[in-house]
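Shown next, in structure tokens, is the structure this report addresses.
Numbering (UniProt numbering), first residue to last: 1 to 294.
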């Protein structure tokens, strides 16, 4: 769900006394709940709003305590958001049901001119198809010599061209043109499952749209599934990211630079070796620093 109505007056009546940090946390949490169509645990809430410092984490706890209710499963629920999500799901279910019934009746192209599906227009003349023009249109000088619309020909063999169909290689069967991958559905799922196992995520962690889009963007740039898995391993080796809970896929795959950074972290640390200076020349006496009072 990427859109929701916001009543500004209602918001400030309930949350007007929050400080700037708490306002930011509350708004980010609401956006995340609507976008993911789910509610967080404390750990997930901290992750969803990218809280890092102790002060930011305290703000998350304060907002959850004041505006959300903790259920038996350890999940924080907000009733207004819950009601909006239920309305949204009911709307989707209704749309799906209408779709099963056929939806809006399809328009009959033969009835566009109001001639009740006949091949003759209102003037009594037969309609001519744009795909099959008459003889005079194809060859106005000698209309009888042209009976059908000519197909494009191959300029090398003077035979009808196969450009509208699949290309047929020499002595072979037609090979269907391979469509470029666009959604990477299986690859994205594989990366997500690997990330969940690596960071021991529970079943409430879902493959939401932000995670999908980040993984898909990197795959479109040419990174492989193994590249992203290696970057995930690199992130898991970083004590800073683990302790700060900065391990979400949206961070690892945020952009190419970030992914390259984690790819580099997956390799063993290399200690730079200082070059040895072989020929050290003695500084002449006249160039030595003169000590004393100036």
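Each residue gets a CB set at the ideal place from its N, CA and C atoms; glycine is no exception. Just so we're clear, the structure is a prediction, and the values are computed from it rather than from any experiment.
- Of all C-beta pairs linking the segment 233–241 to the segment 32–41, fewer than three are shorter than 8 Å, placing the two stretches out of contact.
- With distances taken between CA atoms, residue 267 lies nearest to 238 out of 47, 183, 249 and 238.
- Contact annotation: the segment 58–65 touches the segment 7–27, with at least three C-beta pairs closer than 8 Å.
- Approximately 10 Å separates the beta-carbon atoms of residue 67 and residue 77; this is outside 8 Å, ruling out the contact.
- Residue 256 is a Cβ neighbour of residue 221, given a cutoff of 8 Å.
- In this chain, residue 1 is not harboured by any alpha helix (DSSP H), its DSSP state being neither H nor E.
- When the five nearest sequence neighbours on each side are left out, the beta carbons in the same chain lying within less than 8 Å of the beta carbon of residue 71 are those of 77, in order along the chain.
- CA-CA distance, residue 254 to residue 223, rounds to 13 Å.
- Straight across, the Cα-Cα distance linking residue 241 with residue 191 is about 19 Å.
- If you check the CB distance, residue 262 and residue 229 do not come in under 8 Å.
- According to the DSSP secondary-structure assignment, residue 201 is paired through a beta bridge with no residue.
- For the 8 Å CB-CB criterion, residue 208 and residue 35 form a contact.
- Comparing C-alpha distances from residue 189 to each of 199, 202, 206 and 200 shows the shortest one belongs to 206.
- For residue 188, no pairing in a beta bridge is given by DSSP.
- Separation of residue 29 and residue 102 (C-alpha to C-alpha, rounded to the nearest whole angstrom) is 39 Å.
- Residue 259 is a Cβ neighbour of residue 218, given a cutoff of 8 Å.
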